[in-house]
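Note that our numbering gives residue 112 to position 130 of the sequence shown, counting from 1, and the numbers run on in steps of one.
Glycine included, C-beta positions come from ideal geometry on N, C-alpha and C.
Just so we're clear, the structure is a prediction, and the values are computed from it rather than from any experiment.
Remarks on the structure that follows.
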Amino acid sequence: MGGETCTVCSEAVSKYKCPTCRAGYCSVKCFKLHKLEPCAPLDHSTPAAAPNKDRILKQSEQERIGGDDEEEEKHRLTPSDLQKLDESAQVKQLLMNPNTRALLEVVRKDPNPVEAIRALRQRPDFEELAQALIGATDYNG
-17 MGGETCTVCS EAVSKYKCPT CRAGYCSVKC FKLHKLEPCA PLDHSTPAAA PNKDRILKQS
43 EQERIGGDDE EEEKHRLTPS DLQKLDESAQ VKQLLMNPNT RALLEVVRKD PNPVEAIRAL
103 RQRPDFEELA QALIGATDYN G
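Okay, structure coming up:
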């Protein structure tokens, strides 16, 4: 009887639920990471809203992946950049930290990942990762 996986770290079984949005989490540490981003209470009054929510989530996911916007294309990682990231010892070391992975999971699950990254860059541990990623790809803005 496994149970649901923690929505923050995606590693442990969630033992607790957020009182606001009912997202499952496994520990106080994951709860604190979850609370970095505002969450909304579940609306049980409109069960017919689920298909609409799915459509919105799919649209949001498409927006995350990106469209044909030239500005966005300019900032997209190339296969060469991805290779550099894969070979970076500093990036690998930072990604071994479960807290760093949990922060990346927050970004991945956020409906607006750009804003999530902006907010998380105020944290020294996340900024260290951001600088390591930038340095590994030789990005010059």
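Whose CA, out of HIS16, ARG105 and LEU77, lies closest to the CA of ARG4? With distances taken between Cα atoms, ARG4 lies closest to HIS16.
Going by C-alpha distance, which of TYR7, LEU76, LEU18 and PHE13 is nearest LEU115? Taking only the C-alpha atoms, the option nearest LEU115 is LEU76.
Return the CA-CA distance between VAL73 and LYS(-3), expressed in angstroms with no decimal places. The straight-line gap from Cα to Cα measures roughly 31 Å.
With respect to the alpha helix (DSSP H) encompassing SER164, which residues constitute its N-terminal and C-terminal limits? Nothing about residue 164 can be read from this structure; the chain reaches only from -17 to 123.
Quick one: give me the first and last residue of the alpha helix (DSSP H) that GLN113 is part of. Run containing GLN113: 106 to 119, per the alpha helix (DSSP H) assignment.
I need the straight-line Cα distance from LEU18 to ALA118, nearest angstrom please. Each residue's Cα considered, the two are about 27 Å apart.
Given ARG83 as reference, the closest of ALA101, ALA22 and CYS12 once Cα atoms are compared: Proximity to ARG83 across ALA101, ALA22 and CYS12 peaks at CYS12, based on C-alpha coordinates.
Give the single residue among CYS21, VAL(-10), GLU(-14) and ARG90 whose Cα lies nearest to the Cα of THR2. Ranking CYS21, VAL(-10), GLU(-14) and ARG90 by Cα distance to THR2 puts CYS21 first.
Under the rule that 16 or more other beta-carbon atoms within 10 Å means buried, what is VAL88, buried or exposed? Under this definition VAL88 is a buried residue.
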